[in-house]
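**Student:** Before I ask anything, here is the structure I am working with.
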Amino acid sequence: MPIEHETRDGALIWIRNPITGVVSYVVDVRAKSFAFTLGRSSSTLAEGPDLTTAEIRRAVKACPFCPGNEATTTGEIFRLAPSEMPEWNGRAEHQSAPWVVRVFNNLFPRIPAELTGGRNESYIVIEDCRHFTDSPRKHADLMFTAALGEAHFLHLLAADVRVMRMASENRAVRALVIRKNQGRESGASQPHLHQQIIGSPEPFPIVAAEVRAEREMPGTFEEIVNLMDRLGLVLERRDGIVSYASPIGAFPRSYDVVMEHHRGARLCDLSPSELHAFGGAIYRILRVVGPLPLDYEIHQDEKLPLHAHINTRLYPYSNVAGTLNLPNTLLQSTAAIRSAIERGE
Ligand SMILES: [Zn+2]
Ligand SMILES: [Zn+2]
Numbered sequence: 025m026p027i028e029h030e031t032r033d034g035a036l037i038w039i040r041n042p043i044t045g046v047v048s049y050v051v052d053v054r055a056k057s058f059a060f061t062l063g064r065s066s067s068t069l070a071e072g073p074d075l076t077t078a079e080i081r082r083a084v085k086a087c088p089f090c091p092g093n094e095a096t097t098t099g100e101i102f103r104l105a106p107s108e109m110p111e112w113n114g115r116a117e118h119q120s121a122p123w124v125v126r127v128f129n130n131l132f133p134r135i136p137a138e139l140t141g142g143r144n145e146s147y148i149v150i151e152d153c154r155h156f157t158d159s160p161r162k163h164a165d166l167m168f169t170a171a172l173g174e175a176h177f178l179h180l181l182a183a184d185v186r187v188m189r190m191a192s193e194n195r196a197v198r199a200l201v202i203r204k205n206q207g208r209e210s211g212a213s214q215p216h217l218h219q220q221i222i223g224s225p226e227p228f229p230i231v232a233a234e235v236r237a238e239r240e241m242p243g244t245f246e247e248i249v250n251l252m253d254r255l256g257l258v259l260e261r262r263d264g265i266v267s268y269a270s271p272i273g274a275f276p277r278s279y280d281v282v283m284e285h286h287r288g289a290r291l292c293d294l295s296p297s298e299l300h301a302f303g304g305a306i307y308r309i310l311r312v313v314g315p316l317p318l319d320y321e322i323h324q325d326e327k328l329p330l331h332a333h334i335n336t337r338l339y340p341y342s343n344v345a346g347t348l349n350l351p352n353t354l355l356q357s358t359a360a361i362r363s364a365i366e367r368g369e
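In short: position in the sequence shown from 1, add 24, done, that's the numbering used here.
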């Protein structure tokens with residue numbers, strides 16, 4: 025069964041998400057006032073005087089994820105030292121950094137430990153020891169994933185794989201997900217950049233819904249990818265990975281990265297070159313989004329192609345009773361992102 029949608033003169037009018045049933049309507053938003061819309065420069069536009077050195081020091085001292093405060097987290101599982109990450113771009117400014125990446129259990133497990141054999145299976149991966157960007161002017165000038173570089177991001181994914189292998193040794197863990205929130209507007213509880221990995225005793229409901237859709241309508245993922253191609257929404261297709269601007273995402277500006285023709289692969293099953301291809305495609309989207317608030321999740325299941333959903337929060341959340349509005353500039357913005365990716369920006 026095809027994905028329900030309607031086009032007029034080649035332009036998308038509406039489309040129904042085959043997994044959630046949410047209908048996205050394409051609308052003209054040019055005349056609409058977005059008083060709360062986030063801008064790329066929202067941090068520099070923030071009110072108030074610039075941060076002082078003392079304020080920066082105070083924020084770092086109060087952050088449980090900053091170096092020096094290791095004792096405030098649960099026990100460290102592992103760390104990546106600067107010597108293990110030759111491409112680390114913070115070296116010059118932070119010569120005495122004790123670590124670049126650090127992994128420990130979340131003090132507040134997402135799923136109670138009682139449900140996973142008495143073991144806390146929620147993990148935090150600190151992406152970088154730096155709390156702020158270089159020379160921050162506002163509290164919002166936080167370090168963000170895009171600023172780390174692609175090689176650093178691939179190191180993070182390799183660290184995630186290490187955590188997932190460890191969690192998989194717990195027989196009570198049946199599913200694993202990677203989740204990232206960037207920025208207060210995305211629901212991040214800590215400003216210091218980090219990922220979460222969560223082990224669950226049962227399939228995650230959203231992934232279970234994807235599996236159900238795939239069972240009821242075999243080839244749903246391929247069908248979505250083919251439709252995105254026909255609608256001109258594909259961003260990149262290389263090395264077995266396709267990424268596209270999704271009109272059926274959770275937010276008006278969502279992007280998916282899908283590993284084609286390789287059903288059932290989990291992140292920890294990938295060869296180094298496959299991990300490089302998958303991670304690189306995610307990173308190139310994050311790089312274009314930059315410091316804007318976003319979230320992403322990496323979904324894996326033996327019945328599905330490995331994939332990631334990236335949601336940016338350029339527009340405030342607008343799902344109303346199962347409907348979503350997409351700006352009719354979708355094609356232009358997709359073309360702009362495609363060229364930014366090609367130019368390596
Ligand atoms: Zn910090
Ligand atoms: Zn998914």
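Beta carbons are placed, not taken as given, at the ideal position from N, Cα and C, and that holds for glycine.
Quick check on DSSP: helix, strand or coil for Asp152?
**Tutor:** On the sequence shown, residue 152 is found 128 positions in, with the first residue counted as 1. Three-state result, Asp152: coil.
**Student:** Less than 8 Å between the CB atoms is what I'm expecting for Val46 and Leu348, so what's the real figure, rounded?
**Tutor:** Against the sequence shown, residue 46 aligns to sequence position 22. Against the sequence shown, residue 348 aligns to sequence position 324. That pair is a contact at about 6 Å.
**Student:** Residues in the same chain with beta-carbon distance under 7 Å from His218, minus the five sequence neighbours each way, listed in chain order, please.
**Tutor:** As a position in the sequence shown, residue 218 is number 194, starting the count at 1. So the list reads Phe89, Ile148, Val149, Ile150 and Glu151, once near-sequence residues are dropped.
**Student:** Residue range of the beta strand (DSSP E) that Phe128 falls in?
**Tutor:** For the purposes of this step, residue 128 is taken as the residue at position 104 of the sequence shown. That run of the beta strand (DSSP E) goes Val125 to Asn129.
**Student:** Can you tell which of Leu350, His323, Arg134 and Ile365 has its C-alpha closest to the C-alpha of Ser213?
**Tutor:** Residue numbering aside, residue 213 sits at position 189 when the sequence shown is read from its first letter. It is Arg134 whose Cα lies nearest to the Cα of Ser213.
**Student:** Is Asn352 near Val50, with beta carbons less than 8 Å apart?
**Tutor:** Along the sequence shown, read from residue 1 onward, the residue named residue 352 stands at position 328. Along the sequence shown, read from residue 1 onward, the residue named residue 50 stands at position 26. In this structure, Val50 lies closer than 8 Å to Asn352 by Cβ.
**Student:** By DSSP's criteria, Ser224 is part of a beta bridge. Which residues make up the other side?
**Tutor:** In the sequence shown, the residue the question calls residue 224 occupies position 200. Per DSSP, Ala199.
**Student:** DSSP state of Leu348, grouped into three classes?
**Tutor:** Working through the sequence shown from its first residue, we reach residue 348 at position 324. Strand at Leu348.
**Student:** Please enumerate, following chain order, all residues with a beta carbon closer than 6 Å to at least one heavy atom belonging to ligand 1.
**Tutor:** Ordered along the chain, the selected set is Val84, Cys87, Phe89, Cys90, His155 and His216.
**Student:** Could you please give the first and the last residue of the uninterrupted alpha helix (DSSP H) stretch that includes Asp15?
**Tutor:** A query on residue 15 cannot be resolved here, the shown segment of the chain reaching from 25 to 369 and no further.
**Student:** Would you check if the distance between the CB atom of Phe156 and the CB atom of Leu166 is smaller than 8 Å?
**Tutor:** Walking along the sequence shown from the start, residue 156 turns up at place 132. Walking along the sequence shown from the start, residue 166 turns up at place 142. Yes; because the gap between Cβ atoms is below 8 Å, this pair is in contact.
**Student:** Just to confirm, are Pro91 and Ala121 a CB contact at a threshold of 8 Å?
**Tutor:** Taking the sequence shown and counting its residues from 1, one reaches residue 91 at position 67. Taking the sequence shown and counting its residues from 1, one reaches residue 121 at position 97. The answer is yes: Cβ separation under 8 Å.
**Student:** Just list the residues that DSSP pairs Thr44 with in beta bridges.
**Tutor:** By one-based count along the sequence shown, residue 44 stands at place 20. Answer is none; Thr44 lacks a bridge partner.
**Student:** Mind listing, in chain order, the continuous alpha helix (DSSP H) runs of no fewer than 4 residues lying wholly within the segment 234-309?
**Tutor:** As far as the segment 234-309 is concerned, its whole alpha helix (DSSP H) runs of at least 4 residues are 244-254.
**Student:** Please confirm whether any heavy atom of ligand 2 lies closer than 7 Å to the CB of Glu138.
**Tutor:** Counting from one through the sequence shown, the residue named residue 138 turns up at place 114. Glu138: no, Cβ never under 7 Å from ligand 2.
**Student:** Taking 6 Å as the limit between beta carbons, can you name the residues of its chain near Gly114, skipping five residues before and five after?
**Tutor:** To locate residue 114, count along the sequence shown from 1; it is residue 90. Answer for Gly114: Arg154, listed in chain order.
**Student:** Measure the alpha-carbon distance for Ile248 versus Ile365 and round it to whole angstroms.
**Tutor:** Counting from 1 along the sequence shown, the entry for residue 248 is found at position 224. Counting from 1 along the sequence shown, the entry for residue 365 is found at position 341. Going by the C-alpha atoms only, they are around 22 Å apart.
**Student:** Under 8 Å by Cβ, that's how I've got Leu257 and Ala269 pegged, so tell me the actual separation to the nearest angstrom.
**Tutor:** As a first step, residue 257 is located in the sequence shown; it is residue number 233 there, counting from the start. As a first step, residue 269 is located in the sequence shown; it is residue number 245 there, counting from the start. With 8 Å as the limit, Leu257 and Ala269 qualify as a contact, their Cβ atoms being about 5 Å apart.
**Student:** Buried or exposed for Thr244, please, with buried defined as at least 16 other CB atoms from any protein chain shown within 10 angstroms of its CB.
**Tutor:** Locating residue 244 in the sequence shown gives position 220, where the first residue counts as 1. By the 10 Å Cβ count, Thr244 comes out buried.
**Student:** Mapping the DSSP letters down to three states, classify Arg311 as helix, strand or coil.
**Tutor:** Residue numbering aside, residue 311 sits at position 287 when the sequence shown is read from its first letter. In the structure shown, Arg311 sits in a helix (DSSP, three-state: H, G or I).
**Student:** Relative to the C-alpha of Asp263, which residue among Arg277, Phe302 and Ala232 is closest?
**Tutor:** As a first step, residue 263 must be located in the sequence shown, where it is residue number 239. Ranking the options by Cα distance to Asp263, first place goes to Phe302.
**Student:** Among Leu354, Arg308, Trp38 and Ser342, which one has its Cα closest to the Cα of His176?
**Tutor:** Indexing the sequence shown from 1 puts residue 176 at position 152. It is Arg308.
**Student:** Give me the Cβ distance between Ile291 and Val185, rounded to the nearest whole Å; I'm assuming they're in contact under 8 Å.
**Tutor:** Here residue 291 refers to the residue found at position 267 of the sequence shown. Here residue 185 refers to the residue found at position 161 of the sequence shown. Note that residue 291 is Leu in the sequence shown here, rather than Ile. Going by Cβ atoms, the distance from Leu291 to Val185 rounds to 6 Å, so yes, they are a contact pair.
**Student:** Excluding the five sequence neighbours on either side, which residues of its own chain have a C-beta within less than 7 Å of the C-beta of Ala183, listed in chain order?
**Tutor:** As a first step, residue 183 must be located in the sequence shown, where it is residue number 159. Closer than 7 Å at Cβ, skipping near neighbours: Leu104, Val125, Val127 and Val149.
**Student:** To which residues does DSSP link Thr31 through a beta bridge?
**Tutor:** Position 7 of the sequence shown, counting from 1, holds the residue named residue 31. Answer by DSSP bridge pairing, in chain order: Leu36.
**Student:** Mapping the DSSP letters down to three states, classify His176 as helix, strand or coil.
**Tutor:** Mapped onto the sequence shown, residue 176 falls at position 152. Helix at His176.
**Student:** Tell me the rounded alpha-carbon separation between Gly288 and Asp280.
**Tutor:** In the sequence shown, residue 288 corresponds to position 264, counting from 1. In the sequence shown, residue 280 corresponds to position 256, counting from 1. Answer to the nearest angstrom: the Cα atoms are 17 Å apart.
**Student:** Would you identify the three-state DSSP class for Thr140, choosing helix, strand or coil?
**Tutor:** Translated into positions along the sequence shown, residue 140 becomes position 116. DSSP places Thr140 in helix when its eight states are reduced to three.
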